[in-house]
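Right, one structure below, let's go through it.
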Amino acid sequence: MTSRDKPFARALTLNFPQLGRAITASGGETVLQSARRHGIRIVGACGGRGTCGACMVHISDGEIEADHADPAAPSPAAPANRKKWVRACRVRARSNCTVEVAPRSLAPVARADVAGDGDADLLRLDAAVVSREVHVAEATLADNVADIDRVIRALAVPLDTPGAPSIGTVDLVAARQLPQMLRDAAWSLRLCLRGSELIDVAPPGSRMLGLAVDLGTTNAAGFLVDLQNGTRLASLGLENPQVAWGADLISRIDYTVGGPAEAADELRAAALAVIDALAHDLCAAVGARATEIVDVVVCGNTAMHHLLLGLPVRQLGRAPFVAAVRDAMDVKAREFGLAVSPGAYVHVAPNVGGFVGGDHVAALLATESHWRAAATSLVMDIGTNTEISLIHDGVFLSASSPSGPALEGGHISCGMRAAEGAIERVGLDGGRLAVRTIGGKAPLGLCGSGVLDTLATLRRAGIVDRRGRIQAPHRDVGGQDGERFAVLAPGVHFTQADVRAVQLAKAAIRTAVDLLLADAGLEAPAIGRFIIAGAFGTYIDIDSAVAIGMFPDLPRERFVQVGNAAGAGVRQMLASTAARSRARQLAAGCRYVEMSTRAQFQRAFMHNIGFH
Numbered sequence: 001m002t003s004r005d006k007p008f009a010r011a012l013t014l015n016f017p018q019l020g021r022a023i024t025a026s027g028g029e030t031v032l033q034s035a036r037r038h039g040i041r042i043v044g045a046c047g048g049r050g051t052c053g054a055c056m057v058h059i060s061d062g063e064i065e066a067d068h069a070d071p072a073a074p075s076p077a078a079p080a081n082r083k084k085w086v087r088a089c090r091v092r093a094r095s096n097c098t099v100e101v102a103p104r105s106l107a108p109v110a111r112a113d114v115a116g117d118g119d120a121d122l123l124r125l126d127a128a129v130v131s132r133e134v135h136v137a138e139a140t141l142a143d144n145v146a147d148i149d150r151v152i153r154a155l156a157v158p159l160d161t162p163g164a165p166s167i168g169t170v171d172l173v174a175a176r177q178l179p180q181m182l183r184d185a186a187w188s189l190r191l192c193l194r195g196s197e198l199i200d201v202a203p204p205g206s207r208m209l210g211l212a213v214d215l216g217t218t219n220a221a222g223f224l225v226d227l228q229n230g231t232r233l234a235s236l237g238l239e240n241p242q243v244a245w246g247a248d249l250i251s252r253i254d255y256t257v258g259g260p261a262e263a264a265d266e267l268r269a270a271a272l273a274v275i276d277a278l279a280h281d282l283c284a285a286v287g288a289r290a291t292e293i294v295d296v297v298v299c300g301n302t303a304m305h306h307l308l309l310g311l312p313v314r315q316l317g318r319a320p321f322v323a324a325v326r327d328a329m330d331v332k333a334r335e336f337g338l339a340v341s342p343g344a345y346v347h348v349a350p351n352v353g354g355f356v357g358g359d360h361v362a363a364l365l366a367t368e369s370h371w372r373a374a375a376t377s378l379v380m381d382i383g384t385n386t387e388i389s390l391i392h393d394g395v396f397l398s399a400s401s402p403s404g405p406a407l408e409g410g411h412i413s414c415g416m417r418a419a420e421g422a423i424e425r426v427g428l429d430g431g432r433l434a435v436r437t438i439g440g441k442a443p444l445g446l447c448g449s450g451v452l453d454t455l456a457t458l459r460r461a462g463i464v465d466r467r468g469r470i471q472a473p474h475r476d477v478g479g480q481d482g483e484r485f486a487v488l489a490p491g492v493h494f495t496q497a498d499v500r501a502v503q504l505a506k507a508a509i510r511t512a513v514d515l516l517l518a519d520a521g522l523e524a525p526a527i528g529r530f531i532i533a534g535a536f537g538t539y540i541d542i543d544s545a546v547a548i549g550m551f552p553d554l555p556r557e558r559f560v561q562v563g564n565a566a567g568a569g570v571r572q573m574l575a576s577t578a579a580r581s582r583a584r585q586l587a588a589g590c591r592y593v594e595m596s597t598r599a600q601f602q603r604a605f606m607h608n609i610g611f612h
């Protein structure tokens, strides 16, 4: 029996004074696992495999046991080293401990990143769910038909109008609620119908709300919409709690396939928890109840789609990367356990193929006016997994690029969310590195836009050579244990490993663009519109992306940054059945191109990894 298998004789407590919380540690689990189980956020880009070094914590009191594999940790069974930070994924409590979390994990998020280009407050309404208010004749001995029959009869009174709704089926929960509600509301009701199904009943004058969710790998954006007039009532962005199992999709798939039996259920519960949190917080913001939500639409990449639906992901994580389901799905909300109207449906957007999922379809839907404006357009949704579609002469070529979390601050030694204190811009001032942070706060780390700026500036200053090596001497270059790093601010470094991580990410993206162009018989100058979507794409500096070779050097007016296009698209699907049909057409019309198995990929990737 290894040390990680040994049960502790008594329950142990981990105190987090910065958060005012104390949690229990189960026998054998690491500090990171204990925190994850209790919903305490500790940055861990690799999901606890010990490869990223992002989950550093300071044990200020108590004893820990460390893995031999972690050189940063004290020796096994030794008292906690109170002068050193240790990896939370590589230490286990042996007594009650006090844990200090790195400031980068605690910084409040400053950018919700929920808005998109042309983010209208009023949507064109053609909703899947419609409402009708009816007054029902009171039951008597002479007229004692069933309550639902009375409602059907009342609804049928004005049915001379073509296309008027009728009731064919009744949701069971709605049927249970109807009798008492009918009598409490003096025989008047507001009915919610989805097609011919009665899915919800409520007192007259009640609101009818819809929830649209862009379930991203890193963040989830939610939008609350009034389905009676198309008004967007509120928007909110929250971190996807699945990041505790890894910043990238492969880490989560590996955990689901190779982890404990309940691994898939854990990740599914995390996805559902953030949807429920969005529903609760958005409704609370406008004085509504989550049960007033009668329709939900969710988009996400293929892995998020499968994990949410409880579909197997084993075949998705290995060549030829085949999805279990590609088309849109409609599932009762109560099958997910969501705290919305029990009769509501969740519409899950369709996928394209591989890792190009419903979020990219939503982005294509929202940016159609942009990509139709040129003979050749490219739509790129940049994130942990970057999805790209090249549109030329009505043909859609789509691919995914495993860009990894580096461009969002993950797998970067001092990476962090776009929170106060995150370095977002890096430049030169008198030959020295100069930084700007979100909120003007003291620098804590680097967010995605800062990562890109840093590398572009280091290259421009000659600190990084054409092959990506950090050069010395320079006043802002330091070194430790044989590794060089650029000093951006006290305690905030950009290491040689960070340079390599960004090189890999930018090479993967540029290679996918180059190969799609080659498949279409085109070269980069043919791109008339280069549409950049996604949270990261909102804030990046185009010149920096071009300088490091991530984007082709096109006239700057051809680049369009549209923000969270997936969020805008999923909102359109919530408001309009026509938009749902269009999304299915777009998904079916895209030809998925698998990059990783192509013979040219490795050669093109190696060409793009350097700087030219």
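Residue numbers (the UniProt record's numbering): 1 to 612.
We put the CB at the ideal spot given by N, CA and C, even for glycine.
Owing to the predicted nature of the structure, the values given are computational and were not obtained by experimental measurement.
{"query": "Beta-carbon spacing of I40, I59 below 8 Å", "result": "no"}
{"query": "Contact set for L307: own chain, Cβ-Cβ below 8 Å, skip 5 residues either direction", "result": "Q242, R252, T256, A264, L267, R268, A271, V313"}
{"query": "T511, enclosing alpha helix (DSSP H) - first and last residue", "result": "496-519"}
{"query": "Beta bridge counterpart(s) of D330 as assigned by DSSP", "result": "H347"}
{"query": "Sub-8 Å separation of T169 and S196 beta-carbons", "result": "yes"}
{"query": "Nearest residue (CA-CA) to L365, options A344, L574, P555, D553", "result": "L574"}
{"query": "Among G259, A303, G237, nearest to D276 - alpha-carbon criterion", "result": "G237"}
{"query": "Strand pairing of V235, partner residues [DSSP]", "result": "Note on residue identity: the sequence assigns Ser, not Val, to residue 235. Paired residues: F223."}
{"query": "Alpha helix (DSSP H) segments (min. 4 residues) lying fully within the stretch 415-496", "result": "448-460"}
{"query": "Buried/exposed call for M380, threshold 16 Cβ in 10 Å", "result": "buried"}
{"query": "Residues bridged to M380 [DSSP beta-bridge criterion]", "result": "I388, I532"}
{"query": "Cβ-Cβ separation, L193 to R153 (assumed contact under 8 Å), whole Å", "result": "Not really, about 15 Å apart at Cβ, beyond 8 Å."}
{"query": "Buried/exposed call for T217, threshold 16 Cβ in 10 Å", "result": "buried"}
{"query": "Uninterrupted alpha helix (DSSP H) stretches inside the stretch 553-592 (no shorter than 4 residues)", "result": "565-575, 577-589"}
{"query": "Proximity below 8 Å, CB of L182 to CB of V136", "result": "yes"}
{"query": "Length of the line joining the Cα atoms of T454 and V426", "result": "5 Å"}
{"query": "Bridge-paired residues (DSSP) for L172", "result": "None, per the DSSP bridge assignment."}
{"query": "Where E262 falls: helix, strand or coil (DSSP)", "result": "coil"}
{"query": "Backbone secondary structure at I23 - three-state DSSP", "result": "strand"}
{"query": "Element boundaries [beta strand (DSSP E), containing V611]", "result": "The question names Val, yet the displayed sequence has Phe at residue 611. Element bounds for F611: n/a, residue is neither H nor E."}
{"query": "Coil, strand or helix - S596 by DSSP", "result": "coil"}
{"query": "Residue range of the unbroken beta strand (DSSP E) whose run includes G210", "result": "209-215"}
{"query": "Given A324 as reference, the closest of K332, C299, S95, N351 once Cα atoms are compared", "result": "N351"}
{"query": "Cβ neighbour criterion (16 or more within 10 Å) applied to Q585", "result": "exposed"}
{"query": "Boundaries (first-last residue) of the alpha helix (DSSP H) holding I542", "result": "542-547"}
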